[in-house]
Amino acid sequence: MPLLVDFARLALACTPLVAAASALAGATPSPDVSMLAGACVNCHRSGPAAATPSSIPALQGYTEEQLRLRLTALRSGQVPDATVMPRLMRALGDDEIAALARWFAQGPAR
410 MPLLVDFARL
420 ALACTPLVAA
430 ASALAGATPS
440 PDVSMLAGAC
450 VNCHRSGPAA
460 ATPSSIPALQ
470 GYTEEQLRLR
480 LTALRSGQVP
490 DATVMPRLMR
500 ALGDDEIAAL
510 ARWFAQGPAR
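In structure tokens, the structure reads:
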């Protein structure tokens, strides 16, 4: 048991060092945008508007700025008729929303 306690203390002692080293190195975890986008196309599909039900808008045909503003509005609860999207967007930060907006604005060809 004392060995387990020593490992726990070592882990706690190293946590600030790891955080500081990451900050000094400029290491910021970045989301894999293709994974985030993959979750979006489960409902929104990646094709043109005709390929999706009318209640779920297509994501193609919008500029990066339009998408970023819409996703940010969804996250902050400014879209009164939205159902699921505000809850989903609350889990994303500004960087992730910007990355998704860029991804979908670039279109399907990758």
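Quick note, the sequence shown lines up with residues 410 to 519 if you use this note's numbering. All C-beta atoms, glycine included, are put in the ideal place defined by N, C-alpha and C.
Tell me the residue span of the alpha helix (DSSP H) that contains residue i.
i	result
residue 504	503-514
residue 475	473-484
residue 468	Looking at the DSSP string, residue 468 is not in any alpha helix (DSSP H), and its letter there is neither H nor E.
residue 495	494-498
In whole angstroms, give me the CA-to-CA distance for residue i and residue j.
i	j	result
residue 470	residue 491	20 Å
residue 446	residue 493	16 Å
residue 515	residue 502	20 Å
residue 500	residue 443	16 Å
Residue i and residue j: beta carbons closer than 8 Å?
i	j	result
residue 495	residue 483	yes
Query raised in the report: Should the region 495-512 be called in touch with the region 470-477, which here means at least 3 C-beta pairs below 8 Å?
Result: Contact between the region 495-512 and the region 470-477 is present: three or more C-beta pairs spanning the two stretches fall below 8 Å.
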